Amino acid sequence: TIFTADDTLAAEMAARLECGGVFINGYSASDARVAFGGVKKSGFGRELSHFGLHEFCNVQTVWKNRV
């Protein structure tokens, strides 16, 4: 969480942080349209949004020869 009245400073500070999410002047927010999750070894990757969908899917390729 970054607490500041300066929007430019908040954006600069957020860009320098290596993390999955940054809150400006607050401590929690959630929306299923926005990805959520940590980076490095802090979790399982992304949840929610189209980014999170891929975290919970196993890709399978099926080939069928023409008869």
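Letter by letter, the sequence shown follows residues 177 to 243 of my numbering. Backbone N, C-alpha and C define an ideal beta-carbon position, used for all residues, glycine too. Owing to the predicted nature of the structure, the values given are computational and were not obtained by experimental measurement.
Residue j beta carbon less than 8 Å from that of residue i
| i | j | result |
| --- | --- | --- |
| T180 | A186 | yes |
| T177 | Y203 | yes |
| F199 | A191 | no |
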